[in-house]
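Peer 1:
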Amino acid sequence: MVTLRFALRAATPSALDDALASVADFHSPAYGQFLTDVSALVHPSAAAIESVEALFHAHNVSRSAHGDYVRVALPVAAAEALLQTELFEYAHQTAHDRRIIRPRESYTLPPDVNDHVLLVDGLDAFPTLFQAQWRATSTGADEASSTSVAAIQRAYDLPSGLDASDPRNAIIIGAFLKETFNERDVEKYVTSNQVVGTDSKPRVFHGPQPVHCIGDGKGVGTGEASLDTQLVAALTQSQQASVLCYNGHRLDDQAFDDSNQEVG
Numbered sequence: 001m002v003t004l005r006f007a008l009r010a011a012t013p014s015a016l017d018d019a020l021a022s023v024a025d026f027h028s029p030a031y032g033q034f035l036t037d038v039s040a041l042v043h044p045s046a047a048a049i050e051s052v053e054a055l056f057h058a059h060n061v062s063r064s065a066h067g068d069y070v071r072v073a074l075p076v077a078a079a080e081a082l083l084q085t086e087l088f089e090y091a092h093q094t095a096h097d098r099r100i101i102r103p104r105e106s107y108t109l110p111p112d113v114n115d116h117v118l119l120v121d122g123l124d125a126f127p128t129l130f131q132a133q134w135r136a137t138s139t140g141a142d143e144a145s146s147t148s149v150a151a152i153q154r155a156y157d158l159p160s161g162l163d164a165s166d167p168r169n170a171i172i173i174g175a176f177l178k179e180t181f182n183e184r185d186v187e188k189y190v191t192s193n194q195v196v197g198t199d200s201k202p203r204v205f206h207g208p209q210p211v212h213c214i215g216d217g218k219g220v221g222t223g224e225a226s227l228d229t230q231l232v233a234a235l236t237q238s239q240q241a242s243v244l245c246y247n248g249h250r251l252d253d254q255a256f257d258d259s260n261q262e263v264g
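Note that UniProt numbering numbers the sequence shown so that position 203 is 203, with each residue one more than the last.
#1: Go through its chain and collect everything with a Cβ distance to L55's Cβ below 6 Å, but skip five positions before and after it.
#2: Evaluate contact between the region 83 to 91 and the region 101 to 116, counting only Cβ atoms and requiring at least three cross-stretch pairs below 8 Å.
#3: Alpha carbon to alpha carbon, how far is V220 from V42? Give it in angstroms, no decimals.
#4: Who are V117's beta bridge partners in DSSP?
#5: Could you compute how far the alpha carbon of F181 sits from the alpha carbon of T229?
#6: For the beta strand (DSSP E) holding G174, just list the boundary residues, first then last.
#7: So, using beta-carbon positions, are H66 and S39 closer together than 7 Å?
#8: Give me the DSSP bridge partner(s) of S50.
#9: Take A125 as the anchor and find which of S106, S64, P110 has the nearest alpha-carbon.
#10: Need the endpoints of the alpha helix (DSSP H) that Q230 sits in, please.
#11: Please list the terminal residues of the continuous beta strand (DSSP E) segment that includes V70.
#12: Skipping 5 residues on each side, what residues in its chain have a beta carbon closer than 8 Å to that of A24?
#13: Could you spell out where the beta strand (DSSP E) holding A91 opens and where it closes?
#14: Can you name the start and end residues of the alpha helix (DSSP H) that V61 belongs to?
#15: Given that a residue counts as buried once 16 or more other Cβ atoms are within 10 Å of its Cβ, and exposed if not, what is Q239?
#16: Am I right that A10 and Y69 are in contact with their C-beta atoms under 8 Å? What's the rounded C-beta distance?
#17: Starting from A19, follow the alpha helix (DSSP H) in both directions and report where the run begins and ends.
#18: In the DSSP assignment, find the alpha helix (DSSP H) that holds L41 and state where it starts and stops.
#19: Return the CA-CA distance between H57 and P13, expressed in angstroms with no decimal places.
#20: Among the residues of its own chain, which have a CB less than 8 Å from the CB of R63, if the five just before and after it don't count?
#21: Out of curiosity, what's the CA-to-CA distance linking G217 and G223?
#22: Only counting the same chain, and skipping five residues up and downstream in sequence, which positions put a Cβ closer than 8 Å to that of S148?
#23: Do you know offhand how far S51's Cα is from E183's?
#24: So the candidates are H92, L82, L227, L158; which of them puts its Cα closest to the Cα of P111?
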């Protein structure tokens, strides 16, 4: 059996971008009025849902809470026939008990379905969980980046000397696929970049707080989460930052992978 998730195109593709731009533009009357529910903005058209469900009507079909994903569980032979491809089972080079089904070459969706599907989760890529779990190594401050915070600020015209102590400017950094960070690495990175406050004096550092993170900020950090946390802490200087780690199973009766992680 292979389980695929079809990400459907939104009925109005630009709606979410337009709404986010509106609440982020201080010239807009909607500035600061952040969205609490975006489901209507990403919801696919009725035609999109009908076309995918019609194609897989003979198999186990279910929809996500917001309707933007259609999940299908079907035999490998049926998937090969419907998608005009050949599927193979791959094993991880060091974790031989971890296997995954993917095509060696491209697949094809029927024209009346293809226009409505953004991607097929389960065919497009190999999960990065393999690297995150089996190649996780400590990423210290010296390894984090050869580019200074000052250079990034100049390149992107970002302000320096921020005071982000206002709780309304809280920042949440999402970490997925069992990624985590180490608080000392973040502190060293911020210190090495001599982050200062609005009075040009070095700031008292209040590092991002770990939420559901492996090691609770004290263990070995992984690459992506460490880099994200270091850069956000140094660039924003936020005293209201937290790192929210998603490590749980979305479906308890299935193995953890990139499509079966806790999503909120």
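Virtual Cβ for every residue (Gly too), placed ideally from N, Cα, C.
Peer 2: Checking against the coordinates, here is how it stands:
#1: V113
#2: yes
#3: 37 Å
#4: L8
#5: 7 Å
#6: 171 to 175
#7: yes
#8: Here the sequence assigns Glu to residue 50, which means Ser is not the residue at that position. Bridge partners of E50: none, in fact.
#9: S106
#10: 223 to 236
#11: 69 to 74
#12: Y31
#13: 87 to 91
#14: No alpha helix (DSSP H) holds V61; the beta strand (DSSP E) holding it covers 60 to 63.
#15: buried
#16: Not quite, the Cβ-Cβ distance comes to about 12 Å (not below 8 Å), so this is no contact.
#17: 15 to 24
#18: 39 to 42
#19: 26 Å
#20: I49, Y69, V70, R71
#21: 14 Å
#22: N193
#23: 48 Å
#24: L82
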